[in-house]
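As numbered in numbering that gives the first Met the number 0, residues 0 to 223 make up the sequence shown, in order.
I have placed the structure first, in the form of structure tokens, so that the comments after it can refer back to it.
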Amino acid sequence: MPKEHLVVVKNEDGAVISYKMKEWLRQHPSYIPEGLHPNANTSHELRSGLRRNGWTMEEKADKILLIKPDQGLIDEEEFESLGLDSEESSEKEILEAEEITFGLERDMQKALRANISQLEPGLIIVDGGKEKITEAGRIDITAKDDKGNLVIIELKAGNANPDVIAQILSYMGSVAEAESASVRGILVAGDFHKRVVLASKAIPNLSLKKYSFQFSFCDITSTT
Numbered sequence: 000m001p002k003e004h005l006v007v008v009k010n011e012d013g014a015v016i017s018y019k020m021k022e023w024l025r026q027h028p029s030y031i032p033e034g035l036h037p038n039a040n041t042s043h044e045l046r047s048g049l050r051r052n053g054w055t056m057e058e059k060a061d062k063i064l065l066i067k068p069d070q071g072l073i074d075e076e077e078f079e080s081l082g083l084d085s086e087e088s089s090e091k092e093i094l095e096a097e098e099i100t101f102g103l104e105r106d107m108q109k110a111l112r113a114n115i116s117q118l119e120p121g122l123i124i125v126d127g128g129k130e131k132i133t134e135a136g137r138i139d140i141t142a143k144d145d146k147g148n149l150v151i152i153e154l155k156a157g158n159a160n161p162d163v164i165a166q167i168l169s170y171m172g173s174v175a176e177a178e179s180a181s182v183r184g185i186l187v188a189g190d191f192h193k194r195v196v197l198a199s200k201a202i203p204n205l206s207l208k209k210y211s212f213q214f215s216f217c218d219i220t221s222t223t
């Protein structure tokens with residue numbers, strides 16, 4: 000079961016308090032590891048980035064505690080005093096759902112990489128088989144179309160909410176600036192919020208693609 004990730008800080012009076020990692024990073028963007036973002040990356044990716052930046056990690060039975068490099072030592076008794084309130088328990092449930100969604104999107108990415116022409120004829124993957132890291136975050140798949148345009152492909156398991164528009168546009172803008180090339184985007188999801196559909200109508204170089212699953216069945220013959 001996924002563990003909740005918490006940032007541990009000391010107040011001016013010395014009291015130790017824990018905050019939900021992603022929420023804390025959104026409120027303190029200067030601490031977000033380069034190339035990552037709480038809205039686009041998993042807790043595991045953010046945790047690894049923080050550790051590369053010198054953060055300390057303490058793993059407990061039901062949570063991961065992360066301490067800033069300038070925080071100083073926190074003794075074991077102070078760690079044990081950190082409990083989960085009802086709000087944090089609710090966040091843990093959300094975290095579990097996020098990790099499940101992330102797994103589904105990984106599976107989607109793997110399948111699409113193996114069958115990229117099904118998304119659009121003429122597409123060729125140009126990211127070397129791994130997510131491209133940009134200033135705006137990690138791009139699921141970077142490809143090139145038959146006209147030479149770079150194509151940024153963002154995958155969402157289930158519904159695509161309005162905030163994904165800003166996400167994919169930031170990827171497109173980052174790549175366009177870095178590569179000095181013509182860029183377009185493809186957003187792939189199981190369904191789209193109405194505002195996403197309306198927004199896409201005003202963005203000529205962004206297209207929406209709805210995926211579906213198809214099952215095949217075969218008989219298993221008993222050998223007994």
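Don't be surprised by glycine CBs; every beta carbon is placed ideally from N, CA and C.
Quick one: give me the first and last residue of the beta strand (DSSP E) that Ala156 is part of. Here residue 156 refers to the residue found at position 157 when the sequence shown is read from its first residue. Here the beta strand (DSSP E) through Ala156 covers Leu149 to Ala159.
Whole-number beta carbon distance between Val187 and Lys208, since they are thought to touch under 8 Å: As a first step, residue 208 is located in the sequence shown; it is residue number 209 there, counting from the start. As a first step, residue 187 is located in the sequence shown; it is residue number 188 there, counting from the start. Indeed, because the Cβ distance is near 5 Å, the residues count as touching under 8 Å.
Does DSSP classify Asp61 as helix, strand or coil? On the sequence shown, residue 61 is found 62 positions in, with the first residue counted as 1. Coil at Asp61, not helix or strand.
Strictly by DSSP, which residues pair up with Glu104? Looking up residue 104 in the sequence shown gives position 105. Paired residues: none, contrary to the question.
Do you know offhand how far Leu154's Cα is from Asp139's? Along the sequence shown, read from residue 1 onward, the residue named residue 154 stands at position 155. Along the sequence shown, read from residue 1 onward, the residue named residue 139 stands at position 140. About 7 Å.
Assuming contact is defined by CB atoms lying nearer than 9 Å, are Asp106 and Leu122 in contact in what I supplied? Position 107 of the sequence shown holds residue 106. Position 123 of the sequence shown holds residue 122. The answer is no: Cβ separation not under 9 Å.
If you check the beta carbons only, do Leu149 and Val174 fall under 9 Å apart? The residue you call residue 149 lines up with position 150 of the sequence shown. The residue you call residue 174 lines up with position 175 of the sequence shown. Yes, these two residues count as a Cβ contact at 9 Å.
Rank Gln166, Ser211, Ala198 and Pro203 by C-alpha distance to the C-alpha of His36 and give the top, closest one. Walking along the sequence shown from the start, residue 36 turns up at place 37. Ranking Gln166, Ser211, Ala198 and Pro203 by Cα distance to His36 puts Gln166 first.
Of the choices Val182, Met171 and Ala60, whose alpha-carbon is the least far from that of His4? To locate residue 4, count along the sequence shown from 1; it is residue 5. Closest by alpha carbon: Ala60.
Measure how close the beta-carbons of Gly157 and Gly189 come, nearest whole angstrom, since I'm counting them as under 8 Å. Taking the sequence shown and counting its residues from 1, the one referred to as residue 157 is at position 158. Taking the sequence shown and counting its residues from 1, the one referred to as residue 189 is at position 190. That belief holds up - the Cβ atoms of Gly157 and Gly189 are roughly 5 Å apart, short of 8 Å.
Helix or strand or just coil, what does DSSP make of Glu79? If you number the sequence shown from 1, residue 79 lands on position 80. Here Glu79 scores only 49 on pLDDT, less than 50, and its place in the model should not be relied on; the value that follows carries that caveat. Helix at Glu79.
Measuring only the C-alpha atoms, how far is Ser199 from Val182? As a working mapping, residue 199 is identified with position 200 in the sequence shown. As a working mapping, residue 182 is identified with position 183 in the sequence shown. Answer to the nearest angstrom: the Cα atoms are 15 Å apart.
Buried or exposed for Ala113, going by 16 or more other Cβ atoms inside 10 Å? Taking the sequence shown and counting its residues from 1, the one referred to as residue 113 is at position 114. That one is exposed.
Quick check: Leu49 and Tyr30, are their CB atoms within less than 9 Å of each other? Mapped onto the sequence shown, residue 49 falls at position 50. Mapped onto the sequence shown, residue 30 falls at position 31. Contact flag set, yes.
Going by other Cβ atoms of all chains shown within 10 Å of its Cβ, with 16 needed for buried, is Met56 buried or exposed? Within the sequence shown, residue 56 is the residue found at index 57, counting from 1. That one is exposed.
Grouping DSSP H, G and I as helix and E and B as strand, with all else coil, what is His4? Within the sequence shown, residue 4 is the residue found at index 5, counting from 1. Strand at His4.
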